Amino acid sequence: MSNEHQIIEGDLFSDNRGTLSFVNAFSLQPIVRFYEIAHNDTTTIRAWQAHKKESKWFYCSRGAFRINLVKLDTFDNPSDDLEVFSFELNENKPQILYIPGGYANGFKAITDDAKLMVFSNFDLETSKQDDYRFETNKWINKW
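For reference, each letter of the sequence shown is one residue, going 1280 to 1422 in the working numbering.
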């Protein structure tokens, strides 16, 4: 995978039987675990979490989420002036956001009852050893 974040595009197929949502370009080969996040409301913000080495892939299975990223210049005391990359993942436009190690991310639901699936290439214990946290408003004050 790349050392830069990227969107992996998917698509929808509909016929009289219903709708199929897919992201065929997404390989599950590096994945060792996944979990799903459901926010209680659209005001909850989860930010900022970073990993030096762990990669994550985000997929919105219901509703919509705003996901913000920053590529860190250092993990000890990152600059307050880093560029923020902002993405909206939406159940009606199948996409996966790939975030390699070296980034901090934060997100919030922008619709009620939204669900976000997160895939990881690290097991839980290894991930905990590669976990860095920063204040919610460190890089962006408007979500």
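Note that CB positions come from ideal geometry on N, CA and C, so glycine has one too.
Computed from a predicted structure; not experimentally measured.
Pick from the options that is closest to residue i, judged by C-alpha positions
{"i": "T1415", "options": "Y1382, S1306 and T1323", "result": "T1323"}
{"i": "T1428", "options": "M1396, N1319 and F1301", "result": "One cannot answer for residue 1428 here, as it falls past the ends of the chain, which runs 1280 to 1422."}
{"i": "L1361", "options": "Y1382, S1293, Y1338 and D1410", "result": "Y1382"}
{"i": "G1342", "options": "P1379, L1368 and F1354", "result": "L1368"}
{"i": "E1288", "options": "G1380, T1353 and N1371", "result": "N1371"}
{"i": "L1395", "options": "L1403, F1386 and S1358", "result": "F1386"}
{"i": "D1392", "options": "R1296, E1333, C1339 and F1354", "result": "C1339"}
{"i": "V1397", "options": "R1296, K1350, T1353 and V1311", "result": "V1311"}
Supposed contact pair residue j and residue i - C-beta distance, whole angstroms, cut 8 Å
{"i": "S1399", "j": "F1313", "result": "7 Å"}
{"i": "H1284", "j": "F1344", "result": "Contact doesn't hold; Cβ gap of about 15 Å is too wide."}
Identified DSSP bridge partners for residue i
{"i": "F1386", "result": "R1325 and I1346"}
{"i": "Q1374", "result": "E1288"}
beta-carbon residue i near the ligand FMN non-hydrogen atom, thresh 7 Å
{"i": "R1296", "result": "Questions concerning the ligand FMN fall outside what the structure shown contains, since it holds no ligand whatsoever."}
Contact with chain C by residue i, beta-carbon distance below 8 Å
{"i": "R1412", "result": "This model lacks chain C altogether; it includes just one protein chain."}
Cut-off 8 Å between Cβ atoms - residues of its own chain near residue i, not counting five sequence neighbours on either side
{"i": "F1292", "result": "T1298, L1299 and F1301"}
Close-in-space but distant-in-sequence residues of the same chain around residue i (CB under 6 Å, 5 per side omitted)
{"i": "A1317", "result": "K1394"}
TODO: Determine contact between the segment 1367-1375 and the segment 1294-1305, defined as no fewer than three beta-carbon pairs at a distance below 8 Å.
DONE: yes
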